[in-house]
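Enquirer: Below you'll find the structure I mean.
Protein chains: 4
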Amino acid sequence: MAGDTREQIMDATFAALCERGYADLTMQSIADEFEKSKSLLHYHFDSKEDLLVSFLEHLLEEFVADVEDCPETDPAQRLLWMAELVATGHGDDWAEDFHTAMLELRAQAPYNEAIREQLVHNDAVIREEIADIVREGIEAGQFREVDPEVFAATFRSAIEGAQSHEVILGEAAPTDDALAGVERLLVRDLLAEGVDLKG
Amino acid sequence: MAGDTREQIMDATFAALCERGYADLTMQSIADEFEKSKSLLHYHFDSKEDLLVSFLEHLLEEFVADVEDCPETDPAQRLLWMAELVATGHGDDWAEDFHTAMLELRAQAPYNEAIREQLVHNDAVIREEIADIVREGIEAGQFREVDPEVFAATFRSAIEGAQSHEVILGEAAPTDDALAGVERLLVRDLLAEGVDLKG
Amino acid sequence: MAGDTREQIMDATFAALCERGYADLTMQSIADEFEKSKSLLHYHFDSKEDLLVSFLEHLLEEFVADVEDCPETDPAQRLLWMAELVATGHGDDWAEDFHTAMLELRAQAPYNEAIREQLVHNDAVIREEIADIVREGIEAGQFREVDPEVFAATFRSAIEGAQSHEVILGEAAPTDDALAGVERLLVRDLLAEGVDLKG
Amino acid sequence: MAGDTREQIMDATFAALCERGYADLTMQSIADEFEKSKSLLHYHFDSKEDLLVSFLEHLLEEFVADVEDCPETDPAQRLLWMAELVATGHGDDWAEDFHTAMLELRAQAPYNEAIREQLVHNDAVIREEIADIVREGIEAGQFREVDPEVFAATFRSAIEGAQSHEVILGEAAPTDDALAGVERLLVRDLLAEGVDLKG
DNA sequence: GATGAATGAGTTTTCATTCAT
DNA sequence: TATGAATGAAAACTCATTCAT
């Protein structure tokens with residue numbers, strides 16, 4: 378029961394954040410998306426900041442779960458799958474809101490140490506995941522020998538940059554071009570001589 | 378005189394935005410960085426939103442001026458110069474604050490059409506600049522034949538993603554790796570056979 | 378409890394309106410007459426306008442209750458009783474303030490549709506009451522045959538004009554003359570031949 | 378030149394008052410209807426109150442001039458002419474705004490002694506005018522012997538009440554009935570036996 | 001006379017938080 | 001747990017007035 382209510386609050390926060398943006402997010406706007414009362418938010422969380430930090434934790438857990446849920450086994454395919462997951466959410470409607478919410482929270486990092494810490498941790502996890510895939514590809518002889526950390530940093534920058542542009546620019550975002558470039562310029566170029574992209 | 382005051386307001390807005398962040402940016406916090414009165418902000422701008430939209434316009438003008446101020450002539454060097462400008466501001470102190478401010482304002486785009494429009498315009502200008510450099514390099518026989526738009530979208534995503542990470546993650550950001558990857562995986566790979574990176 | 382608070386707000390509004398006048402009526406001035414906090418006004422009413430419209434509704438309900446509370450049964454006496462109620466409030470102290478408040482609110486009608494609607498409704502109720510008394514008097518053979526609607530419009534104009542003058546001109550208002558004229562020129566003249574004013 | 382500017386300010390005040398109402402009348406709204414600057418209002422008038430008192434003076438002068446401009450000579454016709462002037466402005470477009478402005482200013486009398494004094498003076502002039510007409514009619518044997526002051530007070534209340542209703546209730550005002558009643562119940566009833574209304 | 005810039009006090013409204021139940 | 005009522009601080013914005021030119 379207690380956990381159920383907190384879950385509902387997380388959902389309400391998500392909905393409110395997507396609708397109004399971080400700067401206009403109020404406890405009232407969260408309560409409006411919540412079936413119980415505004416006072417109850419304060420019963421479950423010490424303050425607005427406490428609630429938001431918990432919310433970010435919650436969001437990032439979902440994100441890491443998504444990333445780890447990859448159905449592919451081939452390293453190159455796994456990279457492409459991740460690029461698409463991050464940049465477009467595989468076309469999932471929910472993803473657009475999710476990315477919007479993430480963009481908002483990321484922009485708070487410079488002013489909120491708790492948020493920043495969560496994001497640093499998350500970044501490390503994701504880059505490690507990418508680097509692991511690269512190492513695996515190299516070991517399997519499928520990828521040429523690149524520095525896995527350097528590749529991971531650049532790959533992640535590119536796909537997250539594409540995601541941001543998608544959220545920020547909307548229709549005007551060059552997401553298809555950005556993803557095509559990721560495939561042609563980063564992934565395909567990673568392949569060892571004589572290896573082709575599957576799929 | 379009037380123009381001078383507006384300039385002072387832009388500066389005060391920048392200072393306040395850097396110090397408090399967009400979500401906590403108030404007319405009062407801007408007035409606190411401004412030597413004249415708070416009412417004067419409303420005399421010169423119809424509303425807070427009007428002021429902020431003008432401010433973004435002002436910021437983007439400075440950014441485009443910076444980008445166009447490149448001292449390099451070699452296409453590959455110009456790309457690398459731009460990557461470093463965007464990701465690190467060439468180490469300029471001012472740049473960190475500038476990038477923080479930009480991150481905040483970008484996060485408002487989904488909720489503010491005027492801001493979104495400015496950013497869409499700016500994005501088009503920057504990608505066109507990149508694509509032009511690529512076209513020039515191809516014509517000069519220095520670059521292999523890639524789709525300039527595809528390259529521009531990916532290159533821009535990568536450098537802006539790196540910038541975001543720098544702002545968001547601070548010390549923990551893998552900016553050096555990301556820039557190294559941009560050089561090795563994107564720019565060097567663009568070179569036509571037999572051509573080497575100068576510098 | 379909640380209803381009690383709203384009642385207190387209506388009372389505070391009345392007090393503030395009487396003291397400062399509509400043009401100088403502020404939420405703060407209402408709060409000053411109210412034992413609880415200023416924010417609570419906004420908790421119970423969406424806006425100042427919402428509060429004032431509710432307040433007018435409240436005032437008019439009291440007014441209609443007063444009019445319907447007439448102790449007389451004779452039609453001519455009822456008309457005279459109403460004239461005195463409207464013009465002087467039967468000497469009640471409370472009435473002067475009430476009429477001042479009404480004058481202020483009426484002056485807002487051209488600029489506020491919600492206020493205007495309330496006043497149009499109230500006007501219809503009052504004139505119907507007058508016309509009913511006239512019809513009753515005619516049926517009882519006590520009044521000569523006049524058009525009840527025409528009489529009602531003129532009678533109401535005269536007594537409300539007298540009320541306005543009382544409020545506007547204060548001591549200098551010719552209220553006694555105006556009421557004497559209403560009795561001699563309007564009510565007495567309405568009597569059928571051979572009928573005299575009682576009382 | 379000086380006088381010309383003051384005249385322009387009076388006109389601008391009139392326009393602003395009609396458009397926004399007294400409660401929302403600001404120096405800026407007056408300046409908006411004025412071809413010169415807002416500061417100039419303060420050059421010509423010590424304060425907003427000073428300006429408004431001058432404005433009322435100005436309005437009442439125009440009103441008295443209108444009343445004295447009656448083309449009729451027959452006493453009964455003069456009364457009817459005045460009733461229509463006050464209640465409807467003889468259908469003049471300008472009159473609607475004029476009456477609206479007057480209603481606003483009258484409502485300020487309880488809070489502004491200078492305004493109240495002007496209105497008291499104006500009231501005395503108008504009632505004296507009516508009483509004079511009545512005296513003249515009695516002397517000429519055209520009216521029966523009524524108390525001229527009592528008639529004046531009632532007549533004036535009735536026509537001013539009708540005017541207020543016209544402004545306040547708009548389309549819903551029973552102005553035709555009220556004027557018909559003034560003619561049938563007040564003026565016609567004033568005629569000496571055997572005298573008929575002309576025209 | 002005339003103006004644009006500037007100001008400080010004040011206006012309505014918002015909001016995170018607390019309290020009584 | 002849960003809530004409606006309540007609060008104080010602060011938000012954006014307004015406005016009569018003043019000032020320098």
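Residue numbers (my numbering), protein chains in the order written: chain A, 378 to 576; chain Y, 378 to 576; chain X, 378 to 576; chain F, 378 to 576. Cβ atoms here follow ideal geometry from the backbone N, Cα and C, with glycine treated the same way.
At what residues does the alpha helix (DSSP H) containing VAL444 (chain X) begin and finish?
Expert: 425-444
Enquirer: When burial is assigned at 16 or more other CB atoms within 10 Å of the CB, is PRO551 (chain Y) buried or exposed?
Expert: buried
Enquirer: Using beta carbons (cut-off 8 Å, strictly below), is GLY398 (chain A) in contact with chain Y?
Expert: Closer than 8 Å to some Cβ of chain Y, the Cβ of GLY398 (chain A) qualifies, so yes.
Enquirer: Comparing the C-beta of LEU457 (chain X) with each C-beta of chain F, is any distance below 8 Å?
Expert: no
Enquirer: Between Y:PHE520, Y:GLY468, Y:PRO487 and Y:LEU496, which lies nearest to VAL544 (chain Y) when the distance is taken from Cα to Cα?
Expert: Y:GLY468
Enquirer: What do you get for ILE554 (chain F), buried or exposed, if any count of 16 or more other CB atoms within 10 angstroms of its CB means buried?
Expert: One detail in the question is off: residue 554 (chain F) reads as Asp in this sequence, not Ile. Classification of ASP554 (chain F): buried, given that the 10 Å Cβ count is 16 or more.
Enquirer: DSSP on PHE578 (chain A), reduced to helix/strand/coil?
Expert: It is not possible to answer for residue 578 (chain A), since the shown part of chain A is limited to 378 through 576.
Enquirer: Considering only C-alpha positions, which residue in the set F:GLN385, F:ALA501 and F:PHE532 is nearest to LYS338 (chain F)?
Expert: Here chain F has residues from 378 to 576 only, and residue 338 (chain F) is not among them.
Enquirer: Does any residue of chain Y bring its CB to less than 8 Å from the CB of VAL545 (chain A)?
Expert: In the sequence as displayed, the identity of residue 545 (chain A) is Ile instead of Val. Answer yes: the Cβ-Cβ gap between ILE545 (chain A) and chain Y drops below 8 Å somewhere.
Enquirer: Helix, strand or coil for PHE391 (chain A) per DSSP?
Expert: helix
Enquirer: Name, please, each residue of chain F whose Cβ falls closer than 8 Å to the Cβ of ALA535 (chain X).
Expert: THR531, SER534, ALA535 and GLY538
Enquirer: With DSSP collapsed to three states, give me the class of PHE411 (chain A).
Expert: coil
Enquirer: For THR450 (chain A), does the count of other Cβ atoms within 10 angstroms reach 16, so buried, or fall short, so exposed?
Expert: Burial state of THR450 (chain A) is exposed, judged by a 10 Å Cβ sphere holding fewer than 16 other Cβ atoms.
Enquirer: Since I believe PRO525 (chain X) is in contact with ALA508 (chain X) (beta carbons under 8 Å), could you give me their beta-carbon distance rounded to a whole number of angstroms?
Expert: 4 Å
Enquirer: Specify the secondary structure class of LEU462 (chain A) as computed by DSSP and reduced to three states.
Expert: helix
Enquirer: Comparing the C-beta of PHE528 (chain F) with each C-beta of chain X, is any distance below 8 Å?
Expert: yes
Enquirer: Can you tell me whether LEU562 (chain A) is helix, strand or coil according to DSSP?
Expert: helix
Enquirer: Please tell me whether SER414 (chain X) has its Cβ less than 8 Å away from any Cβ of chain F.
Expert: no
Enquirer: Can you give me the start and stop residues for the alpha helix (DSSP H) that GLU537 (chain F) sits inside?
Expert: 525-546
Enquirer: Residues of chain F with a CB under 7 Å from the CB of ALA555 (chain X): which are they?
Expert: ALA530, THR531 and SER534
Enquirer: Taking DSSP's pairing of strands, which residues face LEU568 (chain A) in a bridge?
Expert: LEU568 (chain A) pairs with A:PHE520.
Enquirer: When burial is assigned at 16 or more other CB atoms within 10 Å of the CB, is ASP500 (chain X) buried or exposed?
Expert: buried
Enquirer: Taking 7 Å as the limit between beta carbons, can you name the residues of its chain near ARG483 (chain X), skipping five residues before and five after?
Expert: LEU496
Enquirer: Would you mind telling me which residues of chain F sit closer than 7 Å to VAL497 (chain X), beta carbon to beta carbon, in chain order?
Expert: LEU546 and ALA549
Enquirer: Quick check on the DSSP output: what are the complete alpha helix (DSSP H) runs of length 4 or more inside the region 485-521 of chain X, in order along the chain?
Expert: 490-516
Enquirer: With 16 other CB atoms within 10 Å as the buried threshold, where does GLY380 (chain F) fall?
Expert: Burial check for GLY380 (chain F): the Cβ neighbour count within 10 Å stays below 16, so the residue is exposed.
Enquirer: List the residues of chain X whose Cβ lies closer than 8 Å to the Cβ of PRO452 (chain F), in chain order.
Expert: Within chain X, no residue comes near PRO452 (chain F); the closest Cβ sits about 16 Å away, beyond 8 Å.
Enquirer: Are there any heavy atoms of the ligand ADP lying less than 7 Å away from the beta-carbon of ILE515 (chain Y), as far as the coordinates show?
Expert: For the ligand ADP, the structure offers nothing, since it holds no ligand at all.
Enquirer: Under 8 Å between C-beta atoms, does LEU563 (chain Y) make it to chain A?
Expert: yes
Enquirer: Residues in its own chain within less than 7 Å of ALA389 (chain A) by CB, not counting five upstream and five downstream?
Expert: ILE407, GLU410 and PHE411
Enquirer: Closest to GLN519 (chain X) by CA distance: which of X:LEU480, X:PHE532 and X:GLY571 is it?
Expert: X:GLY571
Enquirer: Quick one: grab the DSSP three-state call for THR403 (chain F).
Expert: coil
Enquirer: Please report the straight-line C-alpha distance between GLY398 (chain A) and LEU433 (chain Y), rounded to a whole angstrom.
Expert: 18 Å
Enquirer: With the cut-off set at 8 Å, would you say ALA464 (chain F) and ILE536 (chain F) are in Cβ contact?
Expert: yes
Enquirer: For THR531 (chain A), is the classification buried or exposed, using 16 other Cβ atoms within 10 angstroms of its Cβ as the cut-off for buried?
Expert: buried
Enquirer: List the residues of chain X that ARG504 (chain F) touches, going by C-beta distances under 8 Å, in chain order.
Expert: Within 8 Å Cβ-Cβ: PRO551.
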